[in-house]
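Visitor: Below is the structure I would like to discuss, written out as structure tokens.
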Amino acid sequence: MIRRSDAIIKVMESVDEEDLVVSTTGMISRELFYNADRPANFYMLGSMGLASSLGLGLCLKNPMKKVFILEGDGSSLMSLGAIPLISACHPNNLIHVIFDNQCYESTGGQPSISVDVDISEIARASGYNVTCRITALEEIDHALYEYQNVDGPILLLIECNHESSHDVPRVSHTPVAIRDMFKGAFNQTY
Amino acid sequence: MNIATASHDQRCWHYTIYNYVTGSFAIACNYSGSGCKTRVRWYGVDMHSSEFLEILKTRQITFCSGVPDSTFSSVFQAMLDDPDINYVNAVREDVALGIASAAYFKNEVGAVIMQNSGIGNVINALTSFNLMYKIPVLIIVGWRGYSTDAPEHEIMGKKTPEFFDLLDIPYKIPDEDNLPDEIDELLVQMETECIPGALILRSGVVQ
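Chains as they are written, first to last, in my numbering: chain A, 103 to 292; chain B, 43 to 249.
Right, dumping it as structure tokens:
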């Protein structure tokens, strides 16, 4: 089964310099920061469940840039209503990546209900243009390559193991620094 | 204010109250079926939803998201119909806050429009997102429970301004005649301090 930090690295290999990334609170932001820090990453340090809403807003305000939302099963379930809302808004520049380890790993590995619920099916039923469930690391770049010219919203659900990350530092940028670097990247034209 | 007309019988009474300053009038009534509670509703020269949208648009506030509220129900349809307003019909108030906050990155101020019952749904997003990252957003709140209202609005109706006091979020409670000035003062403070601000609208201020 895929280790989440490996999956994050793989996803980021397919992210272009100008693409925007919003990552959810907890270990996903920390692993993203540790492995692929860049100005165009918005680390959502708190507000569990809010990353997808901010990501949708960014898509609508900047339709020329791709926006990747990186979150877990717990955070997507917390704002589950955002999934049909994203679909209803038809953001063709939105790529929603859910690292599904079926637990709240950042808080100690307590189980989540994604053990029994397929979130990718919820996105499919909501009307996402593409949804796929990924079970092997090499499928990640294949999928992102295959869908790079396909209109969003696109959902990749990546099945991950429970392996918790040790010694991954907290995001060291201040919240205001994250905001300002991201704002610069948001307005950068290539 | 003048009480212009009145009627009584054993079961109910009503008064019509005119405010000659604003030109508005209210009907206060107490029907036997209302549990002996007096109900007051103001009618008259309330600000029309199109005027309200013009106030927002002239201040470059055109990216809005929210959850409907009957306090200013016509504003939502007006936002959906106005080609100059991009209104995202959100599913929850915190989702609306996340969406509207994206305007900041384009050097704009986004707006969230919602009922005060939604304050409970946005506290965490305000504290650990907007206040922490210093991302201003205008929160337009309909004040249910300001006067006699349905029981579910009673507690939040009494506490509405206190929530914003608690979070050190500036707010204004305008009348229809000082709304433009109040919103300007609020926007200046939001921009200066880089924080969200709330415009708390009582029933009848914007129709």
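Glycine is no exception: its CB is placed at the ideal position from the N, C-alpha and C atoms.
Against chain B, which members of the segment 189 to 212 of chain A pass a CB distance test of less than 7 angstroms?
Guide: Flagged, chain order: 191.
Visitor: Answer yes or no: does any C-beta atom of chain B fall closer than 8 angstroms to that of residue 109(A)?
Guide: The residue given as residue 109(A) occupies position 7 in the first sequence. No, its Cβ sits nowhere closer than 8 angstroms to a Cβ of chain B.
Visitor: Go through its chain and collect everything with a Cβ distance to residue 232(B)'s Cβ below 6 angstroms, but skip five positions before and after it.
Guide: For this step, residue 232(B) is matched to residue 190 along the second sequence. Same-chain partners within the cutoff: 178 and 239.
Visitor: Considering only DSSP beta bridges, list what residue 248(B) is partnered with.
Guide: The residue you call residue 248(B) lines up with position 206 of the second sequence. 89(B), per the DSSP bridge assignment.
Visitor: Closer than 6 angstroms by C-beta to residue 245(B): which residues in its own chain qualify, once you throw out the five before and the five after it? Chain order, please.
Guide: Residue numbering aside, residue 245(B) sits at position 203 when the second sequence is read from its first letter. 113, listed in sequence order.
Visitor: If you follow the alpha helix (DSSP H) that residue 119(B) is in, where does it begin and where does it stop?
Guide: Position 77 of the second sequence, counted from the first residue, corresponds to residue 119(B). Residues 115 to 123.
Visitor: In chain order, what residues of the same chain lie with their CB nearer than 7 angstroms to the CB of residue 282(A), ignoring the 5 residues before and after it?
Guide: Along the first sequence, one-based indexing puts residue 282(A) at 180. Excluding sequence neighbours, residue 282(A) sits near nothing in its chain.
Visitor: Starting from the C-beta of residue 135(A), find all residues in its chain whose C-beta is less than 7 angstroms away, skip the five residues before and the five after it, and write them out in chain order.
Guide: Numbered from its first residue, the first sequence carries residue 135(A) at position 33. So the list reads 145 and 273, once near-sequence residues are dropped.
Visitor: Chain B partners of residue 229(A), CB-CB under 9 angstroms?
Guide: Taking the first residue of the first sequence as position 1, residue 229(A) is located at position 127. Simply none; closest approach about 14 angstroms.
Visitor: Go ahead and pull the three-state DSSP assignment for residue 206(A).
Guide: Taking the first sequence and counting its residues from 1, the one referred to as residue 206(A) is at position 104. In this structure, residue 206(A) counts as strand in the three-state DSSP scheme.
Visitor: For residue 79(B), which residues from the same chain have a beta carbon less than 6 angstroms from its beta carbon, with the 5 sequence-adjacent residues on both sides left out?
Guide: What you label residue 79(B) is simply residue 37 of the second sequence in a count that begins at 1. The predicted position of residue 79(B) is uncertain, since its pLDDT is 43 and thus under 50; a value taken from the coordinates is nonetheless stated next. If we look at residue 79(B) and ignore the five residues flanking it on each side, its Cβ neighbours are 190.
Visitor: Can you tell me whether DSSP reads residue 44(B) as helix, strand or coil?
Guide: The residue given as residue 44(B) occupies position 2 in the second sequence. Note that residue 44(B) scores 40 on pLDDT, short of 50, meaning its location in the model is unreliable and no value can be drawn from it.
Visitor: Please compile the residues from chain A whose C-beta is within a distance smaller than 7 angstroms of the C-beta of residue 134(B).
Guide: Here residue 134(B) refers to the residue found at position 92 of the second sequence. Within 7 angstroms Cβ-Cβ: 183.
Visitor: Name, please, each residue of chain B whose Cβ falls closer than 7 angstroms to the Cβ of residue 148(A).
Guide: Position 46 of the first sequence, counted from the first residue, corresponds to residue 148(A). 170, 171 and 174, listed in chain order.
Visitor: Go ahead and label residue 203(A) buried or exposed: buried means 16 or more other beta carbons lie within 10 angstroms of its beta carbon, across all protein chains shown.
Guide: The residue you call residue 203(A) lines up with position 101 of the first sequence. With 16 or more Cβ atoms within 10 Å of its Cβ, residue 203(A) is classed as buried.
Visitor: By how many angstroms is the C-alpha of residue 227(A) removed from the C-alpha of residue 168(B)?
Guide: Here residue 168(B) is taken as the residue at index 126 of the second sequence, counted from 1. Here residue 227(A) is taken as the residue at index 125 of the first sequence, counted from 1. Cα to Cα, the separation comes out at about 31 angstroms.
Visitor: Tell me, to the nearest whole angstrom, how far the beta carbon of residue 142(A) is from that of residue 125(A); I am working on the premise that it is less than 8 angstroms.
Guide: Stepping through the first sequence from its first residue, residue 142(A) is reached at position 40. Stepping through the first sequence from its first residue, residue 125(A) is reached at position 23. Actually they are not in contact, since the Cβ atoms of residue 142(A) and residue 125(A) sit about 11 angstroms apart, beyond 8 angstroms.
Visitor: When you compare the CB of residue 179(B) with every CB in chain A, is at least one pair closer than 8 angstroms?
Guide: Taking the first residue of the second sequence as position 1, residue 179(B) is located at position 137. Judged by the 8 angstroms Cβ criterion, residue 179(B) is not in contact with chain A.
Visitor: Taking 8 angstroms as the CB-CB cut-off, is residue 232(B) touching chain A?
Guide: In the second sequence, the residue the question calls residue 232(B) occupies position 190. Taking Cβ atoms only, chain A never reaches closer than 8 angstroms to residue 232(B), which makes this a no.
Visitor: Alpha carbon to alpha carbon, how far is residue 270(A) from residue 280(A)? Give it in angstroms, no decimals.
Guide: Taking the first sequence and counting its residues from 1, one reaches residue 280(A) at position 178. Taking the first sequence and counting its residues from 1, one reaches residue 270(A) at position 168. Cα to Cα, residue 280(A) sits roughly 18 angstroms from residue 270(A).
Visitor: Out of curiosity, what's the CA-to-CA distance linking residue 127(B) and residue 181(B)?
Guide: Position 85 of the second sequence, counted from the first residue, corresponds to residue 127(B). Position 139 of the second sequence, counted from the first residue, corresponds to residue 181(B). Taking the straight line joining both Cα atoms gives about 16 angstroms.
Visitor: In this structure, how does DSSP classify residue 219(A) when only helix, strand and coil are distinguished?
Guide: Residue numbering aside, residue 219(A) sits at position 117 when the first sequence is read from its first letter. In the structure shown, residue 219(A) sits in coil (DSSP, three-state: anything other than H, G, I, E or B).
Visitor: Just mark residue 229(B) as buried or exposed, buried being the case when its beta carbon has 16 or more other beta carbons within 10 Å.
Guide: Taking the second sequence and counting its residues from 1, one reaches residue 229(B) at position 187. It is buried - the Cβ of residue 229(B) has at least 16 other Cβ atoms within 10 Å.
Visitor: Take residue 285(A) as the anchor and find which of 123(A), 234(A), 178(A) and 130(A) has the nearest alpha-carbon.
Guide: Against the first sequence, residue 285(A) aligns to sequence position 183. When only C-alpha atoms are compared, the closest one is 123(A).
Visitor: Less than 8 angstroms separating the beta-carbons of residue 91(B) and residue 120(B)?
Guide: Position 49 of the second sequence, counted from the first residue, corresponds to residue 91(B). Position 78 of the second sequence, counted from the first residue, corresponds to residue 120(B). Yes. Within cutoff.
Visitor: Thinking C-alpha only, which one of 150(A), 120(A) and 147(A) is nearest residue 140(A)?
Guide: As a first step, residue 140(A) is located in the first sequence; it is residue number 38 there, counting from the start. Minimum Cα distance to residue 140(A) is reached at 120(A).
Visitor: For residue 166(A), which three-state DSSP category applies?
Guide: Residue 166(A) sits at position 64 when you count from the first residue of the first sequence. Here residue 166(A) sits in coil by DSSP.
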